[in-house]
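Reviewing the structure listed below.
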Ligand SMILES: Cc1cc2nc3c(=O)[nH]c(=O)nc-3n(C[C@H](O)[C@H](O)[C@H](O)COP(=O)(O)OP(=O)(O)OC[C@H]3O[C@@H](n4cnc5c(N)ncnc54)[C@H](O)[C@@H]3O)c2cc1C
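Numbering (my numbering), first residue to last: 12 to 437.
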């Protein structure tokens with residue numbers, strides 16, 4: 012097999028979803044040479060190409076923001092040119108006291124800090140963001156192999172990509188796996204585990220009726236309506252009887268998933284009577300699998316760790332579906348200590364049970380991406396394995412870049428009822 016040698020860089024990021032973009036951006040802003048390879052031709056991953064265009068709640072549900080850093084930056088960016096409004100009741104990270112009192116007086120819970128966004132415009136903005144930061148973006152480039160160092164079989168040396176030129180090899184000092192499916196980690200020989208995914212596949216439909224709604228409201232977002240192939244929810248509700256969940260790690264499963272979903276989606280459009288009145292404008296360009304593979308990290312993020320502080324926290328995050336639940340993400344969720352130069356980001360970070368759901372959604376995925384990029388910078392500068400970087404220095408840098416490292420104990424509620432809100436969608 013002929014492989015073109017493309018030289019080396021400092022940090023190589025596999026996958027251009029929100030986590031990979033955050034990793035590449037944070038490293039580039041700290042002066043490192045960064046290459047990011049994306050399998051498709053669009054940045055943003057599930058958040059854009061996968062049509063999952065909602066930044067879930069970034070607050071504690073009592074009017075206080077928890078997810079900051081690049082989660083906040085990307086959320087603001089997502090509504091800069093496209094439709095969507097970040098909950099306007101929030102001012103400088105909180106809903107003002109008087110406003111909270113007003114909600115309390117009428118027995119209403121305060122709104123959560125979140126927003127929908129235009130996936131296509133946001134994807135273009137991510138391209139601009141990385142380009143402006145000096146990151147080399149390789150579109151249409153699939154990581155197909157990882158070569159380890161001959162004298163240190165746990166240290167990655169280079170990756171081989173399938174591109175328009177054929178096979179190309181890039182060496183690097185540090186590697187971030189932000190593929191959403193731990194593809195790089197798996198190829199490098201890290202221990203990984205698989206998830207369960209139900210039958211869901213969405214597209215965006217427009218119709219004459221929706222056009223009228225949008226015109227009446229003067230709001231283009233009202234034009235779009237979700238159309239589904241499969242429409243199972245997060246917990247397997249609506250899963251067709253007898254259909255096994257997908258883990259999403261084999262080509263057979265991916266092919267079966269798309270075949271079933273394309274045919275189911277098409278069935279909605281077989282009433283030729285309506286063909287002038289509606290159109291399907293886009294479908295998800297990647298499988299809508301939530302949990303494919305994550306690393307078995309030095310620690311697994313879990314929901315039972317709510318309200319627990321970690322000395323090696325790299326970000327405080329809230330729970331998207333349960334008000335009041337607060338967590339910290341230990342650096343150890345991004346590392347497997349035998350592997351000195353590979354870091355996991357986004358939904359590849361180690362987690363278990365419902366904890367994987369909490370950690371994988373867009374704002375936390377961005378924050379673990381930001382942390383992964385920063386860890387790589389520190390590992391290079393300190394000449395240390397990623398699991399052994401100076402935690403205080405790492406946290407100082409992340410805090411300087413806007414990340415809340417530890418939640419405030421004053422925000423631990425006397426009791427949380429654990430009610431799950433809006434859980435179907437995420
Ligand atoms: C049905 C569904 C609904 C959801 N709803 C919500 C929601 O409403 N709000 C929310 O916040 N979250 C939601 N999520 C979760 C959220 O969208 C994702 O978990 C999050 O976007 C993950 O980001 P990521 O960057 O880690 O991974 P991904 O978005 O998966 O990005 C990985 C990127 O890596 C690329 N890649 C993969 N393999 C390779 C390779 N070998 N070489 C190069 N590139 C590669 C992919 O093309 C992709 O661009 C939902 C997820 C699903 C499936």
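Backbone N, C-alpha and C fix where the C-beta goes; we use that ideal spot for every residue, glycine too.
None of these values were measured; they are calculated from a predicted model.
Would the beta-carbon of residue i be found less than 7 Å away from any heavy atom of ligand 1?
i, result
"residue 147", "no"
"residue 262", "no"
"residue 69", "no"
"residue 20", "no"
"residue 254", "no"
"residue 81", "no"
"residue 57", "yes"
"residue 87", "no"
"residue 152", "yes"
"residue 300", "yes"
"residue 204", "no"
"residue 358", "yes"
"residue 201", "no"
Which class does residue i belong to by DSSP, given the choice of helix, strand or coil?
i, result
"residue 165", "strand"
"residue 37", "helix"
"residue 399", "helix"
"residue 386", "helix"
"residue 12", "coil"
"residue 83", "helix"
"residue 178", "strand"
"residue 392", "helix"
"residue 221", "helix"
"residue 246", "coil"
"residue 123", "coil"
When the Cα atoms are used, what is the spatial distance from residue i to residue j?
i, j, result
"residue 237", "residue 190", "26 Å"
"residue 409", "residue 291", "42 Å"
"residue 126", "residue 172", "35 Å"
"residue 239", "residue 390", "44 Å"
"residue 36", "residue 281", "45 Å"
"residue 443", "residue 247", "Nothing about residue 443 can be read from this structure; the chain reaches only from 12 to 437."
"residue 364", "residue 133", "30 Å"
"residue 102", "residue 74", "10 Å"
"residue 321", "residue 415", "13 Å"
"residue 401", "residue 279", "56 Å"
"residue 13", "residue 422", "58 Å"
Answer yes or no: the CB of residue i versus the heavy atoms of ligand 2, is any distance below 7 Å?
i, result
"residue 192", "In the structure shown, ligand 2 is absent; the only ligands present are ligand 1."
Thinking just about the alpha-carbon of each residue, which of the options is nearest to the one in residue i?
i, options, result
"residue 64", "88, 43, 268 and 44", "88"
"residue 121", "100, 243, 285 and 81", "100"
**OP:** Evaluate the contact criterion for the stretch 302 to 319 versus the stretch 330 to 350: three or more CB pairs, one atom per stretch, below 8 Å.
**Re:** yes
Original post:
Between the stretch 136 to 143 and the stretch 319 to 337, do three or more beta carbon pairs fall short of 8 Å?
Top reply: no
**OP:** Taking 8 Å as the threshold, find out whether the stretch 177 to 189 comes into contact with the stretch 17 to 24 through three or more Cβ pairs.
**Re:** Under the three-pair Cβ rule at 8 Å, the stretch 177 to 189 counts as touching the stretch 17 to 24.
Original post:
With contact counted as at least three CB pairs below 8 Å, one residue from each stretch, are the stretch 44 to 58 and the stretch 148 to 166 in contact?
Top reply: With the cut-off at 8 Å, the stretch 44 to 58 and the stretch 148 to 166 touch.
**OP:** Take every Cβ of the stretch 376 to 394, pair it with every Cβ of the stretch 353 to 360, and state whether three or more of those distances are shorter than 8 Å.
**Re:** Verdict: yes, contact present.
**OP:** Would you check if the stretch 203 to 212 and the stretch 287 to 302 touch, i.e. whether three or more CB-CB distances between them fall below 8 Å?
**Re:** With contact defined as three or more Cβ pairs closer than 8 Å, the stretch 287 to 302 and the stretch 203 to 212 are in contact.
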